[in-house]
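Taking this note's numbering, the leading residue of the sequence shown gets 651, the next gets one more, and so forth.
Where is the CB? At the ideal position from N, CA and C, for every residue including glycine.
Here the structure is a predicted model, which means the values were calculated and not measured.
Below you'll find the structure, written out as structure tokens, and then a few comments.
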Amino acid sequence: MKTWQRMVSLLVFAVVVMVATPAMAANLENSVLHFVNVERMAAGVQPLTMDETLAAASDIRAEEAGVHFAHQRPDGREVQSVVADESYSWFGENLAVSTAEDAAEIVQAWMNSPTHRANILNRHYTKMGVTCAKGADGRYYWAQEMACD
Numbered sequence: 651m652k653t654w655q656r657m658v659s660l661l662v663f664a665v666v667v668m669v670a671t672p673a674m675a676a677n678l679e680n681s682v683l684h685f686v687n688v689e690r691m692a693a694g695v696q697p698l699t700m701d702e703t704l705a706a707a708s709d710i711r712a713e714e715a716g717v718h719f720a721h722q723r724p725d726g727r728e729v730q731s732v733v734a735d736e737s738y739s740w741f742g743e744n745l746a747v748s749t750a751e752d753a754a755e756i757v758q759a760w761m762n763s764p765t766h767r768a769n770i771l772n773r774h775y776t777k778m779g780v781t782c783a784k785g786a787d788g789r790y791y792w793a794q795e796m797a798c799d
């Protein structure tokens with residue numbers, strides 16, 4: 651009986667994933683959110699929501715990554731200073747650089763990295779912001795900020 655229930659659950663999950671395709675997403679950021687949430691749901695973790703404050707922070711961090719690609723601000727401050735006015739109990743960041751604006755590719759690259767994967771699947775996070783900015787060098791710089799209150 652348990653095997654049958656698992657098969658039905660997996661089938662329902664597959665249908666949900668196919669129906670909620672990234673084509674339904676309004677923009678690149680929502681496509682990233684979609685793929686992140688597919689990974690989270692597959693791991694039994696609650697989906698994230700898009701957050702305006704974290705989206706604004708990711709705008710800043712994506713631009714900064716084009717200048718100084720590190721989990722530290724170009725002026726030497728800690729990355730969490732980008733949301734200094736907020737009091738999050740958990741905060742994390744994923745960065746990436748690519749040659750294309752491809753949400754599926756970036757999320758897959760993050761999932762292939764143990765530390766980025768751990769961030770994406772962290773059960774404490776409830777919201778995120780993400781930005782892809784084209785750098786002066788023609789490459790795309792991605793910043794994903796995740797947090798919970």
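Burial state of residue i (16 or more Cβ within 10 Å)
i: valine 717; result: exposed
i: aspartate 799; result: exposed
i: glutamine 794; result: buried
i: threonine 699; result: exposed
i: lysine 784; result: exposed
i: threonine 781; result: buried
i: alanine 693; result: exposed
i: arginine 773; result: exposed
i: tryptophan 760; result: buried
i: asparagine 677; result: exposed
i: glutamate 679; result: buried
i: serine 737; result: exposed
i: serine 681; result: buried
i: aspartate 787; result: exposed
i: aspartate 735; result: exposed
Extent of the continuous beta strand (DSSP E) to which residue i belongs
i: glutamine 794; result: 790–798
i: valine 780; result: 777–784
Cross-strand partners of residue i (DSSP beta bridge)
i: glutamine 730; result: None, per the DSSP bridge assignment.
i: glutamine 722; result: Glu728
Rounded distance between the beta-carbons of residue j and residue i, thought under 8 Å
i: alanine 715; j: glycine 779; result: About 14 Å separates the two Cβ atoms, so there is no contact after all.
i: glutamine 722; j: glutamate 728; result: 7 Å
i: isoleucine 770; j: valine 686; result: 6 Å
i: glycine 742; j: tyrosine 775; result: 7 Å
i: alanine 746; j: tryptophan 792; result: 4 Å
i: lysine 777; j: alanine 754; result: No, lysine 777 and alanine 754 are not in contact; Cβ-Cβ is about 21 Å, not under 8 Å.
i: serine 748; j: isoleucine 756; result: 6 Å
Limits of the unbroken alpha helix (DSSP H) element including residue i
i: glutamate 702; result: 702–715
i: valine 682; result: 678–692
7 Å Cβ cutoff, residue i in contact with chain D
i: glycine 716; result: As a matter of chain content, chain D is missing from the structure shown, which is built from one protein chain.
Please give the ranges of any alpha helix (DSSP H) in the stretch 739–770, keeping only runs that are unbroken, at least 4 residues long and fully inside the region.
If we require 4 residues or more, the alpha helix (DSSP H) runs fully inside the stretch 739–770 come out as 753–761 and 764–770.
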